[in-house]
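Chains as they are written, first to last, in this note's numbering: chain A, 1 to 460; chain B, 1001 to 1428. Don't be surprised by glycine CBs; every beta carbon is placed ideally from N, CA and C. Okay, structure first, notes after.
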């Protein structure tokens, strides 16, 4: 039986269990709701969960583990001449078997052993499905029967069901922890494997980045050096340009909107700024590569400057535009949080509005603004699409914004898209870069969130 | 009092203030001007971006077609094997018949180049649908080549030197004749909205990417909505104040600020390498985007739950509901509009996301329209990224057109969120 059909049958059966449970609860109470501990539907849920949940979990676990177990059995039965060829080649053989089972074309003409193995695989798969069907249906019926028979008016069905719902809620809430853990483990493990091949010092402090590794020992110009300093400086350069655009414009917009603007202006300008935040980054990338970069090049030419067509300036400028709304909304929040009494005090002493803002509100809001800017910096460091489309690929160690530089995220994307083997230093390097990226942005975020929270508490 | 001014000592403080007043007022003006300028600059950037994209992209919604009179010659097609017929020879013959005096290999090749390669496929489909056409002459409108399309739309200047443009003088002459014979016209570009990707700009469309985006978002929604709401309910209503809860909260806040590309690395290492899920599949894309949008949904759902006044829960508890009944029957329904608004905004964010999807292989060149969540596919923003890399002028137009479609979807989703908020959200 197909697994999805089985799944639907299990669900239908537990639905039936719901009605049986409900019915039985009402019957044992003699049709009197008053006699029941819980509402009738809770008895239904009780029966449904008892009968359905174990079977559903079983089917899910079976689906996850079945292929690898069957593959192990099949490989163990392969004759020596097929298995004794080393790990990599064996993987290809396993792939061939899988393809053959699914009726796809195989890479090589399948030999007799592989055909036999595929036959065995199919056979095992069929057996396993029959086994799964029998066990899960037996489970549904047996547990359903036990659950329905357990039902009597004094059964605390609601408490049992609610306890289970509570467990479900806790599991859902823990997914946040699980995904953090997943990120840490995945980048950490691959990075450790990378650092077994390349030393940490060479990676963090090396000055040349050319990740092509040699196919042959004697190949020219492909020794593969993994010095990430040019990537870090490139990332910092572009982020710096972005912040030079985003901080003044975002901050002044926030000041104007919260202190000067009339309600009408605010009602129009604020949503427009939010639109800027809602535009996908790939659109900004396209804008940077096809509108801003040629424009800058043209301006540069007329001034006699040599601007690269993938200059850091174009990418940084557009990234700055993208970050304006982030800076402005975060600053808006902190400026509004400054108590009115401080403004009134300054006005009472005869300060003009701009003097109040510059000499009273800014100093008071400074920690919050700095926190917001740190968040914006972490956003700029991790931004990918704009730089992938508008910044260069060559790792130049330069501080000249008119030249092309590359960034950490660009390199991660180029190393991991396209054909690749998973174990080479080249692909593992991407995970090491990802680790650096994760650690740096995490630190920035933790510091920024802490500052912002401290600041908020100060005025509450 | 004070009838003799000259006797009074000068009011020094006021004088000092007045002397500086002009300067201070000027700086006040300057400051205010800076604020206005920043707002205008930001809005100006937005306008520049939208104008630059729509001015490049509006042309993508129209496409140049050429009318050919094709004699479906029985010699070229075996009526038993309609699939194998030489349809491109028929198309070529019909073009030759329009310009009988064209001679020479190179000239002929240029002539055939006026019509898209897809014309032969179109003819094939027509004949397979209606085998009676064999032996007859039919008039069909076929797609023009992308360069012809660009010329006809005015993106290629005929006054430029011949070597500097991709369309030759002879071709321009033929095009002029075709226009004069009313055999060439612009029509609404249905291919753009119904086809998958293609190497030929004129037959490339966004439908494959739109369907891929749909499946990816479907998976994302089905996973992130229940999980997100359940997490928010637990953290806001039931969680005891302890280390674990604090740790979960710190995690959620940090995940919201982790760069999206890191989620791509997670998807590649865990979902694809470890669990062996297929590459390029919307299912894996949906899993990755779920992890990305969860923090957004959790944070906005908690805000919505928090805004429901405690008196409602207390009233429910007072008439004998269990805490869980009070939350699920009373608090949650009242918070639903806010939760849905947050979810839609999270989905809009997921729709525009592309960096993590590059990592899990959704950048492949895929012609077929995906038919399920495990089929290889791409998504709209990644399609934009792919086309933006192509050198052809016609792809530039299509990229901008695809961006306009993507922005259209985003505007729709945000409008829905605004309507939901305006209509159903209650202020207590």
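Among the residues of chain B, those whose CB is under 7 Å from the CB of residue 256(A) are 1035, 1036, 1038 and 1039, following chain order.
In terms of CA proximity to residue 1354(B), 1406(B) leads the group 1406(B), 1328(B) and 1329(B). Listed along chain B, no residue sits closer than 7 Å to residue 197(A) by beta-carbon distance, the nearest being about 17 Å off.
Beta-bridge partners assigned by DSSP to residue 387(A): none are found.
Straight across, the Cα-Cα distance linking residue 1156(B) with residue 290(A) is about 18 Å. The beta carbon of residue 1379(B) does not come within 7 Å of any beta carbon belonging to chain A, so the residue lies off that interface. Of the candidates 373(A), 177(A), 27(A) and 206(A), 373(A) places its Cα closest to the Cα of residue 247(A).
For residue 1397(B), no chain A residue has a C-beta closer than 8 Å to its own C-beta; the minimum C-beta separation is roughly 11 Å. With respect to the C-alpha of residue 1219(B), the residue from 1045(B), 1334(B), 1020(B) and 1293(B) having the closest C-alpha is 1293(B).
Scanning chain A for C-beta atoms nearer than 7 Å to the C-beta of residue 1028(B) yields 352, 353 and 354, reported in chain order. Between residue 1261(B) and the set 1063(B), 1360(B), 1150(B) and 1060(B), the nearest pair of CA atoms involves 1360(B). Between residue 1291(B) and the set 1280(B), 1270(B) and 1307(B), the nearest pair of CA atoms involves 1270(B).
Inter-segment contact for the stretch 1158–1173 of chain B and the stretch 1039–1053 of chain B is absent: fewer than three beta-carbon pairs are separated by less than 8 Å. Residue pairing from DSSP places residue 1187(B) in a beta bridge opposite 1063(B). Classified as buried, residue 1394(B) has 16 or more neighbouring CB atoms from the shown chains inside 10 Å of its CB. Around the beta carbon of residue 1428(B), fewer than 16 other beta carbons lie within 10 angstroms, which makes this residue exposed.
The closest CA to that of residue 113(A), considering only 164(A), 96(A) and 145(A), is found on 96(A).
Counting every other CB atom within 10 Å of its CB across the protein chains shown gives residue 1044(B) a total below 16, marking it as exposed.
Contact between the stretch 258–271 of chain A and the stretch 1050–1059 of chain B is absent, with fewer than three C-beta pairs closer than 8 Å. By the 16-neighbour rule on beta-carbons within 10 angstroms, residue 181(A) is exposed. Between the alpha carbons of residue 292(A) and residue 396(A) lies a distance of about 21 Å. At a Cβ-Cβ threshold of 7 Å, residue 176(A) and residue 1252(B) count as neighbours. The alpha-carbon of residue 1018(B) is positioned some 16 Å away from that of residue 355(A). Contact between residue 1378(B) and residue 1388(B) is ruled out by a C-beta separation of about 13 Å, above the 8 Å threshold.
With a beta-carbon spacing of about 7 Å, residue 1338(B) and residue 1307(B) fall inside the 8 Å limit used to define contacts.
Our two residues, residue 1237(B) and residue 48(A), have alpha carbons roughly 26 Å apart in a direct line. Residues of the stretch 1129–1142 of chain B with a C-beta atom less than 9 Å from some C-beta of chain A do not occur. By alpha-carbon distance to residue 59(A), the top candidate from 77(A), 275(A), 138(A) and 367(A) is 138(A). Assigned with DSSP and collapsed to three states, residue 1139(B) falls in strand.
With a threshold of 7 Å between beta carbons, residue 127(A) makes no contact with chain B. Secondary structure note for residue 347(A): its alpha helix (DSSP H) is the uninterrupted segment 340–348. In the DSSP assignment, residue 1068(B) forms a beta bridge with 1140(B).
Annotation: the continuous alpha helix (DSSP H) that includes residue 1207(B) extends over 1207–1233.
Between the alpha carbons of residue 25(A) and residue 54(A) lies a gap of roughly 22 Å.
Contact note: residue 407(A) does not reach chain B at a C-beta cutoff of 7 Å; the least C-beta distance is about 11 Å. In the structure shown, residue 209(A) adopts extended strand secondary structure according to DSSP, grouped into three states.
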